Amino acid sequence: MESVGVRELRQNLSRHLARVKSGQSLIVTERGEEVAVLVPSGAHAGEHARLAARFGASVPLGRLDEVAARLTPPGAPAGTTDEFLAQTRASRD
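Residues 370 to 462 (our numbering) are what the sequence shown spells out, left to right.
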């Protein structure tokens, strides 16, 4: 795997991204120290599923607010917990 300095990467970003798109991986260095690795998109897509299966983890179902909306039971109060508590307290008065 070839390495590229931050300055070189910044000056020739399009060229380096084209290399990554073609399947190469690049190590990004800053002052001689490795700080990142650029890999082609999707290079580790199967890795998430493999680790999830190995460790019994679940794969994310989407954004947290979208998942919460799907998991909210029918008839549950809408809004935030603070709004629900304020409404409940107001109805007691």
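Backbone N, C-alpha and C fix where the C-beta goes; we use that ideal spot for every residue, glycine too.
Treat the numbers as computed from the prediction; the structure is a model and nothing was measured.
I need the DSSP call for residue i, collapsed to helix, strand or coil.
i: Leu-415; result: The question names Leu, but residue 415 is Gly in the sequence shown. Here Gly-415 sits in helix by DSSP.
Is residue i buried or exposed, if buried means 16 or more other CB atoms sit within 10 Å of its CB?
i: Leu-378; result: buried
Since I believe residue j is in contact with residue i (beta carbons under 8 Å), could you give me their beta-carbon distance rounded to a whole number of angstroms?
i: Arg-388; j: Leu-395; result: 7 Å
i: Leu-348; j: Ala-426; result: One cannot answer for residue 348 here, as it falls past the ends of the chain, which runs 370 to 462.
Cutting at 8 Å between CB atoms, please list the residues of its own chain near residue i, excluding the five before and the five after it.
i: Val-373; result: His-385, Leu-395, Ile-396, Val-397, Thr-398
i: Val-406; result: Met-370, Ser-394, Leu-395, Ile-396, Val-397
Start-end ranges of the beta strand (DSSP E) lying completely within the stretch 380-453, minimum 3 residues: Listed in chain order, the beta strand (DSSP E) elements of length 3 or more contained wholly in the stretch 380-453 are 395-399, 402-407.
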